[in-house]
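In my numbering, the protein residues as written are 58 to 469.
Note that CB positions come from ideal geometry on N, CA and C, so glycine has one too.
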């Protein structure tokens, strides 16, 4: 049983009872070996996949589903030419590129479960104005897809919310100004629509700058976007603690302001992709992603861990600046970002994000993912799970992120 996925579906013999396809919602579009369009419908199983006899009108009437199908097919064609893919996996791309009779006759094939996850998790995204996502497995004998509860936004436990409401980062800008020692603001370029009234830079100076280092000597880095919402990565240091501050109603700008990029949501199509028996599932790009572009948000349950309670920490994303004692746990509830793999030379990075639409909203910690490098279609989206010094001790699991990687991943 998969959370949010229907367990029972109608079959072809139910058509007479429930009417023709004119009123059905298209779930996914495929091509036959002859190049004809075929589609599945929400709530109906494989026996009710129909060929479309007026493909031009059908494609026009179902533009979003057609665009998703075209992106899926383009991704698969790129993967088919990937030198890292085994011959078995290259051959398996055909299962997704062309609808075959053996799949139509096998309504319990795990392929259809992947398609259900793709549709229903994408629906959650689309309802919030986010780009759709996909689940794909290129194995002859497909493995079961990942089982977890999907959320597009963070869920906050009660004890964590109490800590958030008591925290200084939750204060409104005017209260911070009136109660804290003012420092001379550092001049910075500001891409806000209304730079004269924007308070983001002052918030950083009041809340996060301090000595620019923490008790361990780790530096804090303030990262800001340009007028396209793209971060300047020229002076970026992977070892630093990083923070982005997004505009709120205190700044006087609109929802289209480039300093509200995470609020605007994920715009890039991504795929949860089965990698191998060791990694299991990873995350790959379905579209090109430019260096400095927003990729996605890391969501889950915001928790205040108890020192005497053991818990699975493998999906924890630690909050270091917005609130030092909180983590975002996506082990049971999360989104596609939980599948990002590790790389000692990553192409993406997590950044703590101070973001709320209104100052009266609680400042829920958010973690955004941005591209450190240009990411091509089909490329893995990978972050570094650990700080460099922790991977250079020679103790732990030998890292296999690239051939002959000298590092070891900590086990505790």
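For residue 181, the three-state secondary structure derived from DSSP is helix.
Here the alpha carbons of residue 155 and residue 360 stand approximately 44 Å from one another. In the displayed model, residue 223 falls within a helix according to three-state DSSP. An exposed status is given to residue 73, since fewer than 16 other beta-carbon atoms sit within 10 Å of its beta-carbon. For residue 394, there is no enclosing alpha helix (DSSP H), as DSSP marks it with neither H nor E. By the Cβ test, the segment 95-102 is not in contact with the segment 377-396, since fewer than three Cβ pairs between them sit closer than 8 Å. Per DSSP, reduced to three states, the secondary structure at residue 60 is coil, with no helix or strand assignment.
Nearest to residue 92 by alpha-carbon distance, out of 100, 108, 102 and 101, is 108.
When rounded, the separation of the alpha-carbon atoms in residue 467 and residue 338 is 21 Å.
For residue 357 and residue 375, the gap between their C-alpha atoms comes out near 12 Å. Of the residues 112, 368 and 343, the one whose Cα lies closest to the Cα of residue 88 is 112. Bounds of the alpha helix (DSSP H) holding residue 136 are 120-137. The continuous beta strand (DSSP E) containing residue 411 extends over residues 405-411. Check the Cα spacing between residue 145 and each of 195, 163 and 431: the tightest is with 195. The three-state reading of DSSP puts residue 162 in coil, since its state is none of H, G, I, E or B.
With a beta-carbon spacing of about 5 Å, residue 415 and residue 306 fall inside the 8 Å limit used to define contacts.
Boundaries for residue 332: no alpha helix (DSSP H) harbours it, while the beta strand (DSSP E) harbouring it runs 327-333, taken from the DSSP string. Comparing C-alpha distances from residue 437 to each of 391, 372 and 345 shows the shortest one belongs to 345. For residue 151, no beta strand (DSSP E) segment is defined; the enclosing uninterrupted segment is the alpha helix (DSSP H) at 144-154.
Closest in C-alpha terms to residue 193, from the list 105, 202, 313 and 461, comes 202. As the crow flies, the alpha-carbon of residue 86 is around 58 Å from that of residue 235.
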